[in-house]
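Numbering (the working numbering), first residue to last: 331 to 900.
From the three backbone atoms N, C-alpha and C, an ideal C-beta is built for every residue, glycine too.
Here is the structure we will look at.
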Amino acid sequence: MSDSNYTGQIEAYLGDEAVAMGALHGGINAAYGYPGTPSTEIMEYLMAQCGKYGDVRARWCANEKTALEAALGTSFAGRRAVVTMKHVGLNVAADPFINGSLLGIQGGLVIAAADDPGMHSSQNEQDSRFYASFAMIPCLEPRNQQEAYDMTRDAFDISEYFHVPVMIRLTTRLAHARSAVVLKPAREQNPCVKMKDKTEWMLLPVFARRNYSRLIEKQEGLAAWSEVYPVNRLELEGRDTGFAVITSGLGGNYYEENLDDLTALRGKVPARLHIGAYPLPVNAVRKLCQNAGQVIVIEEGQPFIEEKLRGILPPNVKIAGKLKNFDGKRPGPVVRTGELDPDNVRAALELPPLPNILSFINNKDAQASLDSILPKIPNRPPQLCAGCPHGDSYAVIKKVAEELDPVPNHPSVAITSDIGCYSLGAGPPWQAIESIVCMGASVGMARGAAEAGIPYTAAVIGDSTFLHSGITGLLDAVSFNTPMTLIILDNSIVAMTGCQETIVPSAKLRGLILGLGVAPEHLVELEAKKQLVEENAALLKKEMEYRGLSVVIFRRECLEAARKRLKAGS
Ligand code: SF4
Numbered sequence: 331m332s333d334s335n336y337t338g339q340i341e342a343y344l345g346d347e348a349v350a351m352g353a354l355h356g357g358i359n360a361a362y363g364y365p366g367t368p369s370t371e372i373m374e375y376l377m378a379q380c381g382k383y384g385d386v387r388a389r390w391c392a393n394e395k396t397a398l399e400a401a402l403g404t405s406f407a408g409r410r411a412v413v414t415m416k417h418v419g420l421n422v423a424a425d426p427f428i429n430g431s432l433l434g435i436q437g438g439l440v441i442a443a444a445d446d447p448g449m450h451s452s453q454n455e456q457d458s459r460f461y462a463s464f465a466m467i468p469c470l471e472p473r474n475q476q477e478a479y480d481m482t483r484d485a486f487d488i489s490e491y492f493h494v495p496v497m498i499r500l501t502t503r504l505a506h507a508r509s510a511v512v513l514k515p516a517r518e519q520n521p522c523v524k525m526k527d528k529t530e531w532m533l534l535p536v537f538a539r540r541n542y543s544r545l546i547e548k549q550e551g552l553a554a555w556s557e558v559y560p561v562n563r564l565e566l567e568g569r570d571t572g573f574a575v576i577t578s579g580l581g582g583n584y585y586e587e588n589l590d591d592l593t594a595l596r597g598k599v600p601a602r603l604h605i606g607a608y609p610l611p612v613n614a615v616r617k618l619c620q621n622a623g624q625v626i627v628i629e630e631g632q633p634f635i636e637e638k639l640r641g642i643l644p645p646n647v648k649i650a651g652k653l654k655n656f657d658g659k660r661p662g663p664v665v666r667t668g669e670l671d672p673d674n675v676r677a678a679l680e681l682p683p684l685p686n687i688l689s690f691i692n693n694k695d696a697q698a699s700l701d702s703i704l705p706k707i708p709n710r711p712p713q714l715c716a717g718c719p720h721g722d723s724y725a726v727i728k729k730v731a732e733e734l735d736p737v738p739n740h741p742s743v744a745i746t747s748d749i750g751c752y753s754l755g756a757g758p759p760w761q762a763i764e765s766i767v768c769m770g771a772s773v774g775m776a777r778g779a780a781e782a783g784i785p786y787t788a789a790v791i792g793d794s795t796f797l798h799s800g801i802t803g804l805l806d807a808v809s810f811n812t813p814m815t816l817i818i819l820d821n822s823i824v825a826m827t828g829c830q831e832t833i834v835p836s837a838k839l840r841g842l843i844l845g846l847g848v849a850p851e852h853l854v855e856l857e858a859k860k861q862l863v864e865e866n867a868a869l870l871k872k873e874m875e876y877r878g879l880s881v882v883i884f885r886r887e888c889l890e891a892a893r894k895r896l897k898a899g900s
């Protein structure tokens, strides 16, 4: 599957861009996605480049579920598609993702999921490899931009060979770092050909049972493929086989940065297996550890490999990683949360800190002189842009909450919220919101809190998040005329991820909400403006006091979007 037919053309790509180019050169007909750090740049690059590749569509969708469903339709028509999302987006797409593994995938289908260890811009550190394992599909984990390009191309071939979706798992540092990539010629697109056997795509129980059995049968072939896929590299020749190392993803790079020192410390290069493709190459793992007393696992994310090893290796092989140390005690030597880096991998390998750092740390004079010349930079938590419309909306929301219940912490008021720039309303000076859980959760939570008895309940959500998954929560509230207020902060853009266009423009939002059944007299549209705080507060208060469902839209364009629009001359 892996062809080495390079053209010699070299380009510098972000990891995300390398995935985009791998998809374009892999012959995609369509790309669908929802923005989310660190995956956004895959689709942005696809949108910028797809015009050069003929009949290729690259489109943002309402959410990750609708994006994956559109890609399933492309595969159904025999053509190749890529879907892009961040790791938590995979939760939203979980239904078609898991069921997709049971279908007779025809056109290659690749899911590019970008994980965010360290939670730079995310609400958790979940590791997408678990999802691939749960769905019983292959997962490819590149460790550099070249692999991101090559493996994305390979992923389409693997998908069509085994008739399953394939996941490409990226992490933040790879997604956002730039490096040289040698390109291969672009592949032709598949023709549009529907499958002859329609039952392959019908998960009626009778067909789903058959397809599930087939998926289980495919596991043997996938396991055999994983053993020979060249990225899964076993290094035994001339190595110290008593001490084994398993690396994956970026962990492999950080390990190699420390390898000379580790070799000097131990007197010999340890035996090693680098894993970049799953299912786990079990035979390679057993071969690596056949003489090993100890094995250490260096993997980015959650302890996915480490957990699986405990069922593969005999108890006399001591395993260390994120969970446990060689003595079986917790915690393990590899950092359990956040990102790996060369220093914490070095520490996990029991290497001393690098000499220059060590000498600096121990040298108080050097420290003092450095302190004296470095400017004192205060800690600056993230903040809304100065003049952001959300600030003017929060001034209103905070004022109304205080008026409705002057008791500190306002026990009679609940303000749930969501994910976007407006999440910063949690911090000073607003401290206006009380929950941030997952995309769209503010609406359902407000409904639950209102029905549980909190008298003045409001959900604060951005226009894009509302369209992503707040809309179904509003349908629930409409059906019971729940006494709550949905506050939509409409800035006409997906601001937090770099100003992508929303799926429904602001001008159509009113009609959409009325169409869901919200009473026109309780759909109020306000301009988010400093000069209108008093006036807007009176109107919001009236709606929050109404004992039924109301929707209040605060509207003003995001400043960053306006800047980009003016720069583009529109
Ligand atoms: S990018 Fe736009 S929405 Fe986000 S804080 Fe800045 S002005 Fe506000």
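| said: One question on the structure: do residue 395 and residue 422 come within less than 7 angstroms of each other, judged by their Cβ atoms? | reply: One thing to note: residue 395 has its Cβ within 7 angstroms of the Cβ of residue 422.
For residue 884, does the count of other Cβ atoms within 10 angstroms reach 16, so buried, or fall short, so exposed? Buried is the call here.
Since residue 359 is in the beta strand (DSSP E), which residue starts that stretch and which ends it? The continuous beta strand (DSSP E) containing residue 359 extends over residues 358–363.
Original post:
So, residue 882 versus residue 875, is the Cβ gap smaller than 7 angstroms?
Top reply: Not closer than 7 angstroms, so no.
Just to confirm before moving on: does the CB-CB distance between residue 803 and residue 841 stay below 7 angstroms? Their beta carbons are not under 7 angstroms apart, which means residue 803 does not touch residue 841 by this criterion.
**OP:** Report yes or no: do three or more beta-carbon pairs, one from the stretch 355–367 and one from the stretch 515–526, lie closer than 8 angstroms?
**Re:** Two segments are said to touch when three or more pairs of C-beta atoms, one from each, lie closer than 8 angstroms; by this definition the stretch 355–367 touches the stretch 515–526.
For this session: Buried or exposed for residue 927, please, with buried defined as at least 16 other CB atoms from any protein chain shown within 10 angstroms of its CB.
Result: This structure does not reach residue 927, given that the chain is present from 331 up to 900, and the question cannot be answered.
Does the ligand SF4 have a heavy atom nearer than 6 angstroms to the CB of residue 896?
Set against 6 angstroms, the gap from the CB of residue 896 to the closest heavy atom of the ligand SF4 is not smaller.
**Item:** Between the CA atoms of residue 668 and residue 455 - distance to the nearest angstrom
**Value:** Spanning the two alpha carbons is a distance of roughly 8 angstroms.
Handout entry: Range covered by the alpha helix (DSSP H) that runs through residue 414
Key = Residue range 410–416 is occupied by the beta strand (DSSP E) that includes residue 414, with no alpha helix (DSSP H) assigned at that position.
- Message: For residue 406, count the other beta carbons within 10 Å of its own beta carbon; 16 or more makes it buried, fewer makes it exposed. Which is it?
- Response: Label assigned to residue 406: buried.
Beta-carbon proximity check, residue 607 vs residue 561, cutoff 7 angstroms | Yes, the Cβ-Cβ distance between residue 607 and residue 561 is below 7 angstroms.
Do residue 787 and residue 744 have their CB atoms nearer than 7 angstroms? Against a cut-off of 7 angstroms, the Cβ pair of residue 744 and residue 787 comes out as a contact.
Cβ pair residue 415, residue 364 closer than 7 angstroms:
Residue 415 places its beta carbon less than 7 angstroms from that of residue 364.
Quick one: is the Cβ of residue 821 within less than 6 angstroms of any heavy atom of the ligand SF4? At least one heavy atom of the ligand SF4 is nearer than 6 angstroms to the Cβ of residue 821, so yes.
Closer than 6 angstroms from C-beta to any heavy atom of the ligand SF4: which residues, in chain order? Ordered along the chain, the selected set is 714, 715, 718, 720, 751, 821, 825, 888, 889, 890.
Return the chain-ordered list of same chain residues with a C-beta closer than 6 angstroms to the C-beta of residue 493, the five sequence neighbours on each side being excluded.
Excluding residues within five positions, the ones whose Cβ falls inside 6 angstroms are 434, 435.
| field | residue 613 vs residue 571 beta-carbon contact at 7 angstroms | value | Taking 7 angstroms as the cut-off, the Cβ atoms of residue 613 and residue 571 do not count as close.
Could you tell me whether the Cβ atoms of residue 756 and residue 814 are closer together than 7 angstroms?
With respect to the 7 angstroms criterion, residue 756 and residue 814 are not classified as neighbours on the basis of their beta carbons.
Residue 372 classed as buried or exposed, judged by whether at least 16 other C-beta atoms fall within 10 angstroms: It is buried - the Cβ of residue 372 has at least 16 other Cβ atoms within 10 Å.
Determine the burial state of residue 716: buried for a count of at least 16 other Cβ atoms within 10 Å of its Cβ, exposed for fewer.
-> Here residue 716 is exposed: its Cβ has fewer than 16 other Cβ atoms, across all protein chains shown, within 10 Å.
* To do: Starting from residue 537, follow the beta strand (DSSP E) in both directions and report where the run begins and ends.
  => For residue 537, there is no enclosing beta strand (DSSP E); the residue is found in the alpha helix (DSSP H) stretching over 535–558.
Checklist entry - Which partner residues of residue 794 appear in the DSSP bridge assignment? => result Answer is none; residue 794 lacks a bridge partner.
What are the uninterrupted segments assigned as beta strand (DSSP E) that are 3 or more residues long and contained completely in the stretch 604–643, given in chain order?
With a minimum length of 3 residues, the continuous beta strand (DSSP E) runs that stay inside the stretch 604–643 are 624–628.
Checklist entry - Would the C-beta of residue 337 count as close to the ligand ZN, meaning under 6 angstroms from any of its heavy atoms? => result Annotation note on the ligand ZN: not contained in the displayed structure, which lists the ligand SF4 as its ligands.
Checklist entry - residue 523: buried (16+ other C-beta within 10 angstroms of its C-beta) or exposed? => result That one is exposed.
Applying the criterion that 16 or more other CB atoms from any shown protein chain within 10 Å of the CB defines a buried residue, is residue 797 buried or exposed? The residue in question, residue 797, is buried, as its Cβ has 16 or more Cβ neighbours within 10 Å.
**Study point:** Enclosing alpha helix (DSSP H) for residue 679 [first to last residue]
**Key:** Careful: residue 679 lies outside any alpha helix (DSSP H) and carries neither H nor E.
In the DSSP assignment, find the unbroken alpha helix (DSSP H) run with residue 656 in it and report its ends. From DSSP, residue 656 is part of no alpha helix (DSSP H); its letter is neither H nor E.
- Candidates 726, 652, 655: closest to residue 861 by CA position: When 726, 652, 655 are compared, the shortest CA-CA separation from residue 861 is found for 726.
- Of the choices 556, 640, 636, 644, whose alpha-carbon is the least far from that of residue 651? Residue 636 is the option with its Cα nearest to residue 651.
What span of residues does the alpha helix (DSSP H) with residue 399 cover, start to end? Per DSSP, residue 399 belongs to the alpha helix (DSSP H) from 394–406.
If the criterion is Cβ atoms closer than 7 angstroms, does the pair residue 793 and residue 832 meet it? Between residue 793 and residue 832, the gap from beta carbon to beta carbon is short of 7 angstroms.
(request) Check each candidate in 864, 825, 848 and name the one with the smallest Cα separation from residue 890. (result) Closest in C-alpha terms to residue 890, from the list 864, 825, 848, comes 825.
Q | Own chain partners of residue 871 with C-beta closer than 8 angstroms, once the 5 adjacent residues on each side are dropped | A | Excluding residues within five positions, the ones whose Cβ falls inside 8 angstroms are 730, 733, 734.
Opening and closing residue of the alpha helix (DSSP H) in which residue 473 lies:
Where residue 473 is concerned, there is no enclosing alpha helix (DSSP H), given that its DSSP letter is neither H nor E.
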